[in-house]
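Colleague: Under our numbering, the first residue of the sequence shown is numbered -13, with each subsequent residue one higher.
So that we are looking at the same thing, I have put the structure below in structure tokens.
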Amino acid sequence: MQNLIHILLILTQSVTFGSPIMRDVPIAATLLPDGSCGILLQSHVPECPLTLEIVILAPGDDPVMIPILRNIEDPVWPRGSGWASDGMLSLIVSSYSTGHEFSDIVTFTSEGILYDSIRVPGSGQSLSVTRGKSYHINSLLPLYDGSGYWMSSDLVDNESWEVLSKFLFRLGPQGDTLWSRSISCPGYWMNPDVIRSMPDGGCAVGSDEDGFNNLLFLNRISSSGKLIWSVEIETGGEMTHAFEDILPADNGGTLVIASSDQFEMQDNCLICLIDSEGEITNEIFETGLGHAVCTCGIPIEGGFLLAGWTGSVSDDGATPVDEGILILRLDEYGTPVGMDVIPFDGNCEPLFLLETHPGYLIIGTCWEDIYTNSDVFTMLIPTDEIP
-13 MQNLIHILLI LTQSVTFGSP IMRDVPIAAT LLPDGSCGIL LQSHVPECPL TLEIVILAPG
47 DDPVMIPILR NIEDPVWPRG SGWASDGMLS LIVSSYSTGH EFSDIVTFTS EGILYDSIRV
107 PGSGQSLSVT RGKSYHINSL LPLYDGSGYW MSSDLVDNES WEVLSKFLFR LGPQGDTLWS
167 RSISCPGYWM NPDVIRSMPD GGCAVGSDED GFNNLLFLNR ISSSGKLIWS VEIETGGEMT
227 HAFEDILPAD NGGTLVIASS DQFEMQDNCL ICLIDSEGEI TNEIFETGLG HAVCTCGIPI
287 EGGFLLAGWT GSVSDDGATP VDEGILILRL DEYGTPVGMD VIPFDGNCEP LFLLETHPGY
347 LIIGTCWEDI YTNSDVFTML IPTDEIP
């Protein structure tokens, strides 16, 4: 009990930190077996090399920052990383000059020690590449139990960047292909897929490589590689829309959290509940009183808890709201039943939401200029303060 009180006292206040590189974005986060928080931090300024660091945030201590990969020239947008339950961190390493190849998966301990490096076999798929086309790793997700990886890849036209086909791979712990299958998603090679493991051992893959139409594509895959269902979600977005998170729901269902600028170029949260047959049973746009976007979430008893950001809207007649961290509680049907806004000094975007004994830990990025100067923040919301 004394240790829990100590954690609560230390983490209730927001903690902000960063690296000397100036632009820091957390791209993976977990609670480690010893009770500390492990964060994978990406640090770089546009058009400059990228450095990846492990951050250990323990109650009562300053953040410990351990550089693991330095000076990656011309880096690809993050295509996947994650923590396993034993405190091991796996990630894809690639740059635009080698992005057309199946790259290395590297694994580190939470102390920053290189544990393994695996070259993902290009022969794991049965497709032949013709001139003018190339394969690109779209996204990688290490399985939490350490049994391997989910990986999606796209066959891309080198001139137009059109996605000609998309495949999902189930890789073993040594990068060996256990199975692969094609999944639907027309469009262009742009944003990374969102891959999430599901309780039945399969996964859900969310894609928005669709040019400038208003569709999101969700594919639900079984543990053996069978396509259970595929659904297109209309966002109504004018220009921007994206998957933010995908959560398992009751009775084999799936909850989608997405963002869209459907209403007069405002950013809005799209919440979509899909049943086990792939039918959309509830679809809600949460517009708040201005911008309102949820970026991460977790299932909780009786429903879901989401975190995101909200802010005022100017020049369009919307009623402004204070900028801050948005907490949204949903019932089991995906309908909002409670909302709160926590003031934050500056711009912020929650990226991860973790459940701890004393409450819910938010990890995100905050900035003065998001392109050149950003830091990491953490904030603990006590359980009794959830709306």
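Yeah, the Cβ is synthetic: ideal placement off N, Cα and C, and Gly gets one too.
All of these numbers come straight from a predicted model, not from anything done at the bench.
1) Could you give the DSSP three-state label for Thr(-2): helix, strand or coil?
2) Taking Thr296 as the reference, which of Glu287, Cys352, Leu312 has the closest Cα?
3) Label Ser109 either buried or exposed according to how many other C-beta atoms from any shown protein chain fall within 10 Å of its C-beta, with 16 as the threshold for buried.
4) Going by Cα to Cα distance, which pick from Asp247, Asn237, Pro336 is closest to Gly289?
5) If you run the structure through DSSP and keep just helix, strand and coil, what is Gly238?
6) Have a look at Asp186, Gly73, Trp215 and flag the residue whose alpha-carbon is nearest the alpha-carbon of Ser209.
7) Considering Asn177, what are the terminal residues of the beta strand (DSSP E) in which it resides?
8) Please determine, among Pro128, Leu213, Cys282, the residue with the shortest C-alpha to C-alpha distance to Gly73.
9) Which of helix, strand or coil does DSSP assign to Asp47?
10) Which residue wins for smallest C-alpha separation from Trp175, given the options Tyr101, Asp90, Gly4, Asp140?
11) If we count the other Cβ atoms within 10 Å of its Cβ and call it buried at 16 or more, is Asn359 buried or exposed?
12) Give every residue of the same chain whose Cβ lies closer than 6 Å to the Cβ of Ser183, excluding the five residues on either side of it in the sequence, and list them in chain order.
13) Return the first residue and the last residue of the beta strand (DSSP E) that Asn359 is part of.
14) Here's the rule: buried if 16 or more other CB atoms are within 10 angstroms of the residue's CB, otherwise exposed. What is Leu150?
15) If Leu164 sits next to Met137, beta carbons under 8 Å apart, how far is it from one beta carbon to the other, in whole angstroms?
16) Just the Cα atoms here: how many angstroms apart are Glu148 and Ser0?
17) Would you mind sorting Thr226 into buried or exposed? The rule is 16 or more other CB atoms within 10 Å of its CB.
18) Under a three-way DSSP split, which group does Glu354 fall into?
19) Can you check which of these residues, Tyr135, Asn144, Asp143, Asp231, is closest to Leu337 by C-alpha distance?
20) If the criterion is Cβ atoms closer than 9 Å, does the pair Ser216 and Gly173 meet it?
21) Please return the same chain residues whose Cβ sits closer than 6 Å to the Cβ of Val50, not counting the five positions on each side in sequence.
22) Identify whether Glu371 lies in helix, strand or coil by the three-state DSSP scheme.
23) For His30, which three-state DSSP category applies?
24) Mark Gln28 as exposed unless 16 or more other C-beta atoms lie within 10 angstroms of its C-beta, in which case mark it buried.
25) Give me the residue from Thr267, Ile260, Pro234 with the minimum Cα distance to Leu291.
26) Am I right that Phe14 and Leu26 are in contact with their C-beta atoms under 8 Å? What's the rounded C-beta distance?
27) For Lys212, count neighbouring Cβ atoms within 10 angstroms of its own Cβ and tell me buried if that reaches 16, exposed if not.
28) Would you please state the rounded distance, in angstroms, between the beta carbons of Lys152 and Ser166? I believe it to be under 8 Å.
29) Would you grab the beta carbon distance between Ser76 and Arg65 for me? Rounded to a whole angstrom, and I think it's under 8 Å.
30) Considering only residues of the same chain and omitting the five flanking positions on each side of Ser5, which have a CB-CB separation below 8 Å?
31) What residues in its chain sit with their C-beta under 8 Å from that of Thr95, if we drop five residues either side in the sequence?
32) Given a threshold of 16 other Cβ atoms within 10 Å of its Cβ, counted over all protein chains shown, does Ser246 qualify as buried or as exposed?
33) Output the distance between the C-alpha atoms of Gly310 and Pro19, rounded to the nearest integer angstrom.
34) Roughly how many whole angstroms lie between the Cα atoms of Glu271 and Asn124?
35) Using the C-alpha atoms, what's the distance from Gly350 back to His343?
36) Write down the C-beta distance between Leu241 and Ile219 rounded to the nearest angstrom, noting that I regard them as a contact closer than 8 Å.
Modeller: Taking the coordinates as given:
1) Unreliable positioning characterises Thr(-2) in this predicted model, as indicated by a pLDDT of 46, which lies under 50. A coordinate reading is not provided.
2) Leu312
3) The predicted position of Ser109 is uncertain, since its pLDDT is 37 and thus under 50; no value can be drawn from it.
4) Asn237
5) helix
6) Asp186
7) Per DSSP, Asn177 belongs to no beta strand (DSSP E) and is neither H nor E.
8) Comparing Cα-Cα distances from Gly73 to each of Pro128, Leu213, Cys282, the minimum goes to Pro128.
9) coil
10) Asp140
11) exposed
12) Answer for Ser183: Cys189, listed in chain order.
13) 359 to 368
14) exposed
15) No, Leu164 and Met137 are not in contact; Cβ-Cβ is about 11 Å, not under 8 Å.
16) 43 Å
17) Flag for Thr226 reads exposed.
18) strand
19) Asp231
20) no
21) Ile42
22) Note: Glu371 maps to helix in three-state DSSP.
23) coil
24) Burial call: buried.
25) Pro234
26) Here residue 14 is Ala; the residue named in the question, Phe, does not match the sequence. Their Cβ separation, rounded to whole angstroms, is 4 Å, which keeps Ala14 and Leu26 in contact under 8 Å.
27) In summary, Lys212 is exposed, with fewer than 16 beta-carbon neighbours lying within 10 Å of its beta-carbon over all protein chains present.
28) Not confirmed; about 11 Å, so no contact.
29) Not a contact, Cβ separation roughly 12 Å.
30) Only Leu27, Ser29, Thr37, Glu39, Met51 meet the Cβ criterion.
31) Gly73, Met74, Leu75, Tyr101
32) buried
33) Inter-residue distance for Gly310 and Pro19 is about 31 Å (C-alpha atoms, whole angstroms).
34) One point to set straight first is that residue 271 is Phe, not Glu, in the sequence displayed. Answer to the nearest angstrom: the Cα atoms are 28 Å apart.
35) 20 Å
36) Contact doesn't hold; Cβ gap of about 12 Å is too wide.
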